[in-house]
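The next block holds one structure in the form of structure tokens; read it before the comments.
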Amino acid sequence: MTGRASIICAVMKRIEQLFRQFMREQEILGRAPATLRGYQHSFQWFRKLMPDVTIENINGEKIIEFINRLSNFRFWSHSINDFVSIKASTILNFMNYLWSFFLWLKEKQNTSRLTAKHENQSSKKTMNKLLFLSLYRQ
Numbered sequence: 003m004t005g006r007a008s009i010i011c012a013v014m015k016r017i018e019q020l021f022r023q024f025m026r027e028q029e030i031l032g033r034a035p036a037t038l039r040g041y042q043h044s045f046q047w048f049r050k051l052m053p054d055v056t057i058e059n060i061n062g063e064k065i066i067e068f069i070n071r072l073s074n075f076r077f078w079s080h081s082i083n084d085f086v087s088i089k090a091s092t093i094l095n096f097m098n099y100l101w102s103f104f105l106w107l108k109e110k111q112n113t114s115r116l117t118a119k120h121e122n123q124s125s126k127k128t129m130n131k132l133l134f135l136s137l138y139r140q
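To get the numbering used here, take the position in the sequence shown, counting from 1, and add 2.
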């Protein structure tokens with residue numbers, strides 16, 4: 003592995019390490035097992051659809067891109083024998099779980115890029131605006 007590839011790999015691992023730290027803190031805080039599974043599942047989807055996102059490049063545009071990718075993702079449903087999309091309510095659930103992690107990152111890492119464009123709004127309003135922009139801007 004070249005020097006540059008090693009650096010990129012280390013940077014990408016950093017977000018996973020921070021997520022593990024976030025999960026440990028949530029367990030210590032006594033979050034319900036279903037909530038912890040929601041955090042884990044949402045983060046897995048985020049990493050699957052946005053593999054190049056790092057702590058250094060995460061921002062509102064990346065979050066909108068993730069929501070767009072989720073909106074356009076189709077999977078096979080065995081119950082109806084057809085491809086289906088992810089429901090908007092499921093996307094909102096993913097974003098609620100991920101937003102907890104993003105806010106934690108902002109506090110722990112001073113990652114102000116997550117909400118820099120909307121710093122005068124509450125975090126919930128920012129998340130809702132991102133979701134609205136990504137799902138309904140056509």
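The C-beta atom is built at its ideal place from N, Cα and C for all residues, glycine as well.
Everything numeric in this text was worked out from a predicted model, so none of it was measured.
- Chain-order list of residues whose beta-carbon lies under 7 Å from that of F96 (same chain, five-residue window excluded): In the sequence shown, the residue the question calls residue 96 occupies position 94. Taking C-beta separations shorter than 7 Å and ignoring five residues to either side along the sequence, the partners of F96 in its chain run S44, W47, L72, following chain order.
- Message: With a threshold of 7 Å on Cβ separation, who are the neighbours of I22 within its own chain once the five nearest residues in sequence on each side are excluded?
- Response: Position 20 of the sequence shown, counted from the start, is the residue given in the question as residue 22. Per the sequence presented here, residue 22 reads as Arg, with Ile not at that position. None.
- Message: Just list the residues that DSSP pairs R76 with in beta bridges.
- Response: The count along the sequence shown starts at 1 and reaches residue 76 at position 74. Within the DSSP secondary-structure output, R76 pairs in a beta bridge with S87.
- Item | Sub-8 Å separation of F85 and F24 beta-carbons | On the sequence shown, position 83 is the one that residue 85 refers to. On the sequence shown, position 22 is the one that residue 24 refers to. No. Outside cutoff.
- Query: With a Cβ-Cβ cutoff of 8 Å, do L51 and F68 count as a contact?
  - Reply: Residue numbering aside, residue 51 sits at position 49 when the sequence shown is read from its first letter. Residue numbering aside, residue 68 sits at position 66 when the sequence shown is read from its first letter. Between L51 and F68, the C-beta gap is smaller than 8 Å, which places the two residues in contact.
- Whole angstroms is fine: what's the gap from L20's alpha carbon to A36's? The residue given as residue 20 occupies position 18 in the sequence shown. The residue given as residue 36 occupies position 34 in the sequence shown. Their backbone Cα atoms lie some 20 Å apart in a straight line.
- Message: Which residue marks the beginning of the alpha helix (DSSP H) containing S44, and which one marks its end?
- Response: Here residue 44 is taken as the residue at index 42 of the sequence shown, counted from 1. Note, S44: alpha helix (DSSP H), 35-51.
- Query: Among residues of its own chain, excluding the 5 on either side of S87, which ones have a beta-carbon nearer than 6 Å to its beta-carbon?
  - Reply: Mapped onto the sequence shown, residue 87 falls at position 85. Closer than 6 Å at the Cβ level, and outside the excluded window around S87, lie R76.
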